[in-house]
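Asker: In the working numbering, the protein residues as written are 139 to 514. Handing you this structure, nothing more for now.
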């Protein structure tokens, strides 16, 4: 076979020979991944994993759908959006799994195993977005192919774009060209289904009425032809009227059941009306507001009493209160230092005398100590 090699050339000088130290090698014309893909495809096909007789049929209207994909990509959002749009109350169960990189194949196999252990999932969508052959490698592994083949639940393969093919596509029970197409295939359109049911119901009703009218005409025709067996004809008419009455009562009963069901739903909607909840929360909010206002008032009153006590204590200790009783404070000029001793001022030095209402600038004319005049 022809191969392409990457490496480096070395020279063995004693003999003058060259050699290539190969660091990477792949078949010429096909990449290693593509060759492995073709080999695995041929192997599994020979074992019968792709045979149509092994494919499971998809349920027309599954009760529950399982999805295996990355929980963060656009694929899961598209699947949920499309299925919800086509059948708004469809039950989905999602098992998140990595869809590329190391460990992705093992997570996909584990997710398939978990779904097969459930009893209510009826179809599985295995999905991821497009990518290169390397990105899709997890879906080209033998373990994923055999896990899909062993699944007792039908598996829809929705991997990559329409032109991307993986081993999982060949093994799955149905291949969808894209994840969005898988969501379209897995469930019918609910409104179209309702329309078809209504059309079939109308057709059945018309058919029944047509058969009733036909029998009436046959009875009338026989009654005209038979003159003697009037009683038998009357019996047929009675049976026909009874059948018509039963059908009419059945229609009325069905109409009454639908009305009761509608009334029940309307009552449920009224019970869960957001306005009722809003009114309850308004009452609760008013109660909380009143409590907060009461607590704030008590707190303010308490702090006001404390403030008044502090003001009273401060006033008792304030020098201004002492000045109000006739005392004064003398400060030496120019440094405004309080004079406590006559030795701190000199004769003819200016001092500031602070009284209760204002200040006075005075000059020291004389100093006395213990009643004795002091001239220093």
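For glycine and all other residues, C-beta sits at the position ideal for the given N, C-alpha and C.
Can you tell me whether residue 269 is helix, strand or coil according to DSSP?
Answerer: Coil at residue 269, not helix or strand.
Asker: If you follow the beta strand (DSSP E) that residue 281 is in, where does it begin and where does it stop?
Answerer: It is not in any beta strand (DSSP E) - residue 281 instead sits in the alpha helix (DSSP H) that spans 280-288.
Asker: Closest to residue 268 by C-alpha separation, out of 361, 295, 195, 231, would be which residue?
Answerer: The residue with the shortest Cα to Cα distance from residue 268 is 295.
Asker: Can you grab the Cα-Cα spacing for the pair residue 246 / residue 170, in whole Å?
Answerer: Looking at the two C-alpha atoms, the distance is approximately 23 angstroms.
Asker: Am I right that residue 262 and residue 204 are in contact with their C-beta atoms under 8 angstroms? What's the rounded C-beta distance?
Answerer: 4 angstroms between Cβ atoms; contact.
Asker: So residue 325 and residue 225 are in contact, right, with Cβ under 8 angstroms, and what is the actual spacing, rounded?
Answerer: Contact holds; Cβ gap of about 5 angstroms.
Asker: So that I know if they touch, is there some Cβ in chain C lying closer than 8 angstroms to that of residue 435?
Answerer: Judged by its chain identifiers, the structure shown contains no chain C, having just a single protein chain.
Asker: Taking the alpha-carbon positions, what's the residue 357 to residue 351 distance?
Answerer: Looking at the two C-alpha atoms, the distance is approximately 10 angstroms.
Asker: So residue 501 and residue 488 are supposed to be a Cβ contact under 8 angstroms. How far apart are they, rounded?
Answerer: Contact flag correct, Cβ pair sits at about 6 angstroms.
Asker: Might you give, ordered along the chain, the residues of its own chain that have their beta carbon closer than 7 angstroms to the beta carbon of residue 283, omitting 5 neighbours on each side?
Answerer: Counting only Cβ-Cβ distances below 7 angstroms, and skipping sequence neighbours, we find 182, 187, 305, 306, 309.
Asker: Rounding to the nearest angstrom, what Cα-Cα distance links residue 286 and residue 191 in this structure?
Answerer: Cα-Cα distance, rounded: 15 angstroms.
Asker: Is it right to say residue 253 is buried, meaning 16 or more other beta carbons lie within 10 angstroms of its own, or is it exposed?
Answerer: With 16 or more Cβ atoms within 10 Å of its Cβ, residue 253 is classed as buried.
Asker: Using the three-state DSSP reduction, which class does residue 508 fall into: helix, strand or coil?
Answerer: If DSSP states are grouped into helix, strand and coil, residue 508 belongs with coil.
Asker: Using the rule of at least 16 other Cβ atoms within 10 Å of the residue's Cβ for burial, across every protein chain shown, is residue 395 buried or exposed?
Answerer: Under this definition residue 395 is an exposed residue.
Asker: Is it buried or exposed for residue 179, if we count other Cβ within 10 angstroms and need 16 for buried?
Answerer: Buried, since its Cβ has 16 or more Cβ neighbours within 10 Å.
Asker: According to DSSP, is residue 533 helix, strand or coil?
Answerer: Outside the displayed range of the chain (139 to 514) lies residue 533, so it cannot be described from this structure.
Asker: Can you check whether the CB of residue 317 is closer than 8 angstroms to the CB of residue 300?
Answerer: No. Outside cutoff.
Asker: Just the Cα atoms here: how many angstroms apart are residue 440 and residue 499?
Answerer: Distance between the alpha carbons of residue 440 and residue 499: 45 angstroms.
Asker: Who are the Cβ neighbours of residue 258 in its own chain at under 7 angstroms, not counting the five residues just before and after it?
Answerer: Once the five neighbours on either side are set aside, the close Cβ partners of residue 258 are 201, 202.
Asker: How would you label residue 250, buried or exposed, when you count the other beta carbons within 10 angstroms and need 16 or more for buried?
Answerer: Result: buried.
Asker: Taking the C-alpha atoms as reference points, what is the distance between residue 480 and residue 462?
Answerer: The alpha-carbon atoms of residue 480 and residue 462 are separated by roughly 24 angstroms.
Asker: Please classify residue 150: does DSSP put it in a helix, a strand, or coil?
Answerer: Strand, per DSSP.
Asker: With DSSP as the reference, label residue 326 as helix, strand or coil.
Answerer: Looking at residue 326 - three-state DSSP - the assignment turns out to be coil, as it is neither helix nor strand.
Asker: Do residue 319 and residue 276 have their C-beta atoms within less than 8 angstroms of each other?
Answerer: No, these two residues do not count as a Cβ contact at 8 angstroms.
Asker: If you reduce the DSSP assignment to three classes, tell me which class residue 434 lands in.
Answerer: Looking at residue 434 - three-state DSSP - the assignment turns out to be helix.
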